[in-house]
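Here is the structure we will look at, set down as structure tokens.
Put into structure tokens, the structure is as follows:
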């Protein structure tokens, strides 16, 4: 039946995208709707880490940490182009957590998840280069451990690409504005620029993130829905603050931590905050108080102080955490929770609502969500590469070197950027090109029309913002005039 689906997924963040991919791969007819762009909110506003969550050990969340550590290596294997290892430097600071506690926590961190691909923890002399020139003199000892970096919004997009290639219907700029439960299925009213449309679905996944309670209110209007604690996390981006590919993790005197992470070659990312948020989660930005907090926290460790006015950019997002009545925003659980509603008599079409979760555990969350919906079929996503990810993680540098030989007319930095963004799919993007003259209009830097055309066709890109801020971070590298030319291209081609 046309417009009838086994599963309607509301929300195009990482949880919805992961469920769409898994379900489509099991043969279900899937429709995913997102009212804005994929990863348009929370899933593009993270600290961009695939990690176990070292500080969660303090709150005895051993199951979450173990699951996250196992997933960390699985995700590295299936998407080594957008996920790669990082070494994190944790200075010991007298008066904060003692050395024995840090050492014990890192021992557990190394061993809870069956680490195989990543190197173990080691002790550091922070007076040695490059740390001695960057950190304050009192910081003499520390530890170095492993976690991973992820291009968060690209992780969402690649899951949706794979879902679409397996038959899923992925609709962006489409909002679910009405839900009505029938005896056998749901009727959903979807609103897009083309107008309103009704579809039917056997089951619904409510993966609307900060709007999950709002969707519940439309589906079940007679009940009160207050399951969320919205916690705002903000970040500052500075011109590169230190040399090297390592990151720093700084302990704060309020028992929180912040990160300083190499970002987009020329920058350093500093974040994040944990601030209770009320209001509209769309279009938020860092507050002056948050910017001051991040700089003050970092300046406890840095030899040369930073200030908010030195930041070249910032971003903020809202984490839709499950309200477990924790005393502080930093201790409220990052674990995911499900709410299953089958109607008054318990035998109607199901709605599954998702609260919490983190990037690292999205794939496992998807498996558990399908179990909750009694969807059968073999779990398959643990070993299946995401689009472009069919590369041995240990041989990524070899892959880049091979691509440099295949495309000698591209600068090495461009080959690396394209390899990191598209993996083996960069060959589809560059298919038939013999030089930059074959790539179409040049917008600035290493961005050409060929890449915009590819992303509009395959990656659901419809605007300059989609391209420059989510599919890439080229807004940091292009001038205002160059970005305006990209926006004009979308207007003229009708993609906007």
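In our numbering, the protein residues as written are 62 to 557. C-beta: ideal position from N, C-alpha, C; glycine also.
*Can you list, in chain order, the residues of its chain whose CB lies under 7 angstroms from that of residue 564, leaving out five sequence neighbours each side?*
The chain is shown only over 62 to 557; residue 564 falls outside these bounds and no answer can be derived.
*Measuring CB to CB, does residue 457 end up less than 7 angstroms from residue 191?*
no
*Are the CB atoms of residue 334 and residue 294 nearer to each other than 7 angstroms?*
yes
*Of the residues 262, 380, 413 and 444, which one's Cα is nearest the Cα of residue 100?*
380
*Apart from the five residues just before and just after residue 309, which ones in its own chain have a Cβ nearer than 6 angstroms to its Cβ?*
150 and 321
*With which residues is residue 560 paired in a DSSP beta bridge?*
The question about residue 560 has no answer, for the chain in this structure spans 62 to 557.
*Can the beta-carbon of residue 117 be found closer than 7 angstroms to that of residue 130?*
no
_According to DSSP, residues forming a beta bridge with residue 259_ = 250
*Give me the Cβ distance between residue 75 and residue 94, rounded to the nearest whole Å; I'm assuming they're in contact under 8 angstroms.*
Their Cβ separation, rounded to whole angstroms, is 16 angstroms, which puts residue 75 and residue 94 out of contact at 8 angstroms.
*Taking the continuous beta strand (DSSP E) assigned at residue 376, which residues delimit it?*
374-383
_Assess contact between the segment 180-200 and the segment 223-235, defined as three or more Cβ pairs (one per stretch) separated by less than 8 angstroms. Is contact present?_
no
*asked:* Using 8 angstroms for Cβ pairs, my map puts residue 296 next to residue 330. What's the rounded Cβ distance?
replied: 6 angstroms
_Taking the alpha-carbon of residue 469 as reference, which of 455, 451 and 497 has the nearest alpha-carbon?_
497
_Does residue 646 pass the burial test, meaning 16 or more other C-beta atoms within 10 Å, or should it be called exposed?_
Coverage of the chain is limited to positions 62 through 557, which leaves residue 646 absent and any answer about it impossible.
_For residue 355, the three-state DSSP class (helix, strand or coil)_ = helix
*asked:* Just to confirm before moving on: does the CB-CB distance between residue 506 and residue 242 stay below 7 angstroms?
replied: no
*Using 10 angstroms around the beta-carbon of residue 425, count the other beta-carbons present and answer buried if the total reaches 16, otherwise exposed.*
buried
*Considering only residues of the segment 134-212, which uninterrupted beta strand (DSSP E) runs meet the minimum length of 3 residues and lie entirely inside it, listed in chain order?*
144-152, 183-186 and 202-211
*Enumerate in chain order the residues of its own chain whose CB-to-CB distance from residue 219 is below 8 angstroms, with the five nearest sequence positions on each side excluded.*
140, 143, 447, 448, 449 and 450
*Per DSSP, the bridge partner or partners of residue 312*: 318
*Please determine if the segment 251-260 and the segment 105-112 are in contact, where contact requires at least 3 C-beta pairs separated by less than 8 angstroms.*
no
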